[in-house]
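Heads up: the sequence shown begins at 1 in our numbering, then just goes up one per residue. For each residue, glycine too, the CB sits at the ideal point set by N, CA and C. Just so it is clear, the structure is predicted and the values come from calculations on it, not from any experiment. In what follows, a single structure is set out as structure tokens and then discussed.
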Amino acid sequence: MPIRSPLPVLATLTALVLGACGQPADTGGAAATEDPARLQLVASFYPLEYVLGRVAGDRAEVTTLTAAGVDPHDVELTPRTVGTLAGADLVVHATGLQPAVDDAVAAQAPDTSFDVVPAADLLVLGESEEEHGAHADEHEDEHGHGHGAEDPHFWLDPQRYADVADAVADRLAEVDPEGAETYLGNAADLRADLEALDTELAEGLAGCRTRDVVTTHEAFGYLGARYDLDVVGITGISPESEPSPARLAEVADLVADLGIGTIYAEPLLPGGIAETVARETGARVLELDPVEGITEASAGEDYLEVMRANLAALRTGQGCP
1 MPIRSPLPVL ATLTALVLGA CGQPADTGGA AATEDPARLQ LVASFYPLEY VLGRVAGDRA
61 EVTTLTAAGV DPHDVELTPR TVGTLAGADL VVHATGLQPA VDDAVAAQAP DTSFDVVPAA
121 DLLVLGESEE EHGAHADEHE DEHGHGHGAE DPHFWLDPQR YADVADAVAD RLAEVDPEGA
181 ETYLGNAADL RADLEALDTE LAEGLAGCRT RDVVTTHEAF GYLGARYDLD VVGITGISPE
241 SEPSPARLAE VADLVADLGI GTIYAEPLLP GGIAETVARE TGARVLELDP VEGITEASAG
301 EDYLEVMRAN LAALRTGQGC P
């Protein structure tokens with residue numbers, strides 16, 4: 001177990017986290033109790049909180065920076081919240097998804113942070129898996145950074161998510177060598193669960209009547225790449241961006257031309273965008289959750305349950321046998 005700093009670690013990140021709309025929200029994170037025998041871990045948002053909870057198990061207390069019900073893309077942090085990062089044993093985040101978190105990590109936890117992006121092997125928007133592999137070198141500069149807009153929603157590909165869990169386990173084993181066997185074993189268990197989910201998704205989405213999927217924003221590219229779905233987001237990566245009338249008309253024409261019968265809304269976003277296109281085209285609206293956070297309104301209590309609910313929604317909306 002690593003030597004704990006004599007400086008007290010703040011028990012919980014209960015400072016207000018502000019959503020993109022500027023309204024205050026409860027943090028929704030797990031409350032840390034500052035048990036000196038356990039690691040103090042911070043996750044930037046729910047998918048990484050879930051991984052840390054599964055991999056670290058009872059050896060750690062996990063706090064998240066993004067409140068339940070708050071869209072993580074444009075989360076804002078108070079100065080008090082930023083200051084707490086310095087006391088964490090490890091801060092796990094995904095560079096590029098949350099600019100406020102990136103800044104806070106650089107200022108407060110440059111040596112005790114772990115960026116999962118390299119393990120996730122992000123796709124560039126609009127690029128297929130084959131293109132990604134064939135042109136990976138072309139998208140990297142001398143620092144190994146990709147060019148173009150990278151899609152941060154890697155956890156919607158269970159295989160990529162499992163790779164991230166393995167990488168987190170390796171980093172935790174470095175921070176806490178005594179717990180290495182636990183972390184690696186827990187990561188293996190999580191990988192088994194994710195591979196089972198992957199099989200369910202692949203089998204459940206085979207033979208669907210239509211493979212064209214229209215969603216509120218560009219969050220499901222990895223799902224599409226993994227399971228051969230052609231996903232179109234009405235808005236871009238940032239769900240706060242309002243689509244122009246021209247964009248709405250473009251999507252409506254696509255829906256009509258392809259005979260798409262379902263538009264997918266998201267639980268953390270207002271349903272107006274999806275409903276607007278649905279009204280124009282006669283399509284129905286179903287819910288597809290990018291699993292950026294879990295609330296009482298979520299279709300499950302954790303990542304695995306919500307992803308299985310997504311599978312059920314897709315099987316209905318895409319006409320799968």
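As an exercise, report each continuous beta strand (DSSP E) stretch of at least 3 residues that is fully enclosed by the stretch 260 to 312, in chain order.
Segments of the beta strand (DSSP E) lying fully in the stretch 260 to 312: 262 to 265, 284 to 287.
Beta-carbon separation of Thr-72 and Phe-45 under 7 angstroms?
Going by the sequence as given, residue 72 is Pro instead of Thr. Cβ distance < 7 angstroms, so Pro-72 and Phe-45 count as in contact.
For His-93 and Ala-192, what's the separation of their Cα atoms in angstroms?
So the two alpha carbons sit approximately 23 angstroms from each other.
Give, in chain order, every unbroken run of the beta strand (DSSP E) that is at least 3 residues long and sits entirely within the stretch 151 to 217.
You should have 212 to 217.
If I follow the unbroken beta strand (DSSP E) through Val-70, where does it start and stop?
Element bounds for Val-70: n/a, residue is neither H nor E.
Pick helix, strand or coil for Leu-258, following the three-state DSSP scheme.
Three-state DSSP puts Leu-258 in a helix.
Per DSSP, which one or two residues make a beta bridge with Gln-98?
DSSP lists no partner for Gln-98.
Using 7 angstroms as the threshold, is the C-beta distance between Glu-204 and Arg-54 below it?
Note that residue 204 is Gly in the sequence shown, not Glu. It is not a contact, given that the beta carbons lie outside the stated cut-off.
Buried or exposed, going by whether 16 or more other CB atoms sit within 10 Å of the CB of Ala-312?
Looking at its Cβ environment, which holds fewer than 16 other Cβ atoms inside 10 Å, Ala-312 is exposed.
Does the count of Cβ pairs from the stretch 115 to 125 and the stretch 255 to 262 closer than 8 angstroms reach three?
With the cut-off at 8 angstroms, the stretch 115 to 125 and the stretch 255 to 262 do not touch.
Can you tell which of Ala-256, Asp-111, Val-291 has the C-alpha that lies nearest to the C-alpha of Val-51?
For Val-51, the nearest C-alpha among the options comes from Val-291.
Note down, in chain order, each residue of its chain lying with its Cβ closer than 6 angstroms to the Cβ of Glu-280, except the 5 sequence neighbours on either side.
Result list for Glu-280: Ala-252, in chain order.
Please report the straight-line C-alpha distance between Gly-87 and Leu-229, rounded to a whole angstrom.
Approximately 43 angstroms between the Cα atoms of the pair.
For Leu-52, name the three-state secondary structure that DSSP assigns.
The answer is helix: DSSP assigns Leu-52 an H, G or I state.
Could you give the first and the last residue of the continuous beta strand (DSSP E) run that contains Leu-229?
Element bounds for Leu-229: n/a, residue is neither H nor E.
Given that a residue counts as buried once 16 or more other Cβ atoms are within 10 Å of its Cβ, and exposed if not, what is Thr-295?
Thr-295 is exposed by the Cβ-count criterion.
Taking 6 angstroms as the limit between beta carbons, can you name the residues of its chain near Ala-60, skipping five residues before and five after?
Arg-38, Leu-39, Leu-41.
Where does Gly-319 fall in DSSP's three states?
Three-state result, Gly-319: coil.
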